[in-house]
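Quick notes on the structure that follows.
In UniProt numbering, the protein residues as written are 1 to 218.
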């Protein structure tokens, strides 16, 4: 894969995130900006900037004089992220239902359809990407860029753990919830939107699997 000249940092960031999702970049292993840049056919600068962006987001950490590692998460970390998402995304959906999304939900419905197709095909990676796009698009309808960015970071911190949503039946159920959420928002049914979002997050947390005990101890 070769990167175009425009927005090299953003392209490198997207490739690195996809590599994490695919399992090509894994917790516990160290990666240098130079080796990643050689793989992408670009200079070190944009790749290092991309990795430092992930460090700022808590997704990677610097290994002095060596490179970068994916930041491992304990069960306590996952619980904190889950609590934060409950506190942010559930009230956000209730507020959005009050405002209504009629005429503004086309992009979100497209992402929901992508989730449904990925679920039908059992494509977990495609599902997680489409699910991320869906939720960030819906949050964006509130017009609070800081909220959307913060939730994006929380979601990305648990990106690897989403791979445990492997069952096709669970993927289909999760995809159906996205449509149900959109229907509730369009109907301006705040109680239903709140309940669906809460259920959706609860199921996601149940599917996260924390690191093995020896990883936590280390």
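Ideal Cβ placement from N, Cα and C applies to all residues, glycine included.
>> Runs of 4 residues minimum, wholly inside the stretch 39–118: which ones carry the alpha helix (DSSP H) assignment?
In response: 44–56, 75–99
> How many angstroms separate the CA atom of residue 152 from the CA atom of residue 132?
Replying inline: 8 Å
>> If you measure between the beta carbons of residue 112 and residue 134, is that distance less than 8 Å?
In response: yes
>> Please report the distance separating the alpha-carbon of residue 189 from that of residue 93.
In response: 10 Å
>> Just to check my reading of the structure: residue 296 and residue 90 have Cβ atoms closer than 8 Å, yes? What is that Cβ distance to the nearest angstrom?
In response: The structure shown does not extend to residue 296, since the chain is modelled only from 1 to 218, so the question has no answer here.
> Does the distance from the CB of residue 60 to the CB of residue 71 come in under 8 Å?
Replying inline: yes
> Is the beta carbon of residue 184 less than 8 Å from the beta carbon of residue 119?
Replying inline: no
>> Assuming contact is defined by CB atoms lying nearer than 8 Å, are residue 129 and residue 78 in contact in what I supplied?
In response: no
> What's the C-alpha gap between residue 179 and residue 66?
Replying inline: 45 Å
> If you draw a straight line from the alpha carbon of residue 11 to that of residue 26, how long is it in whole angstroms?
Replying inline: 19 Å
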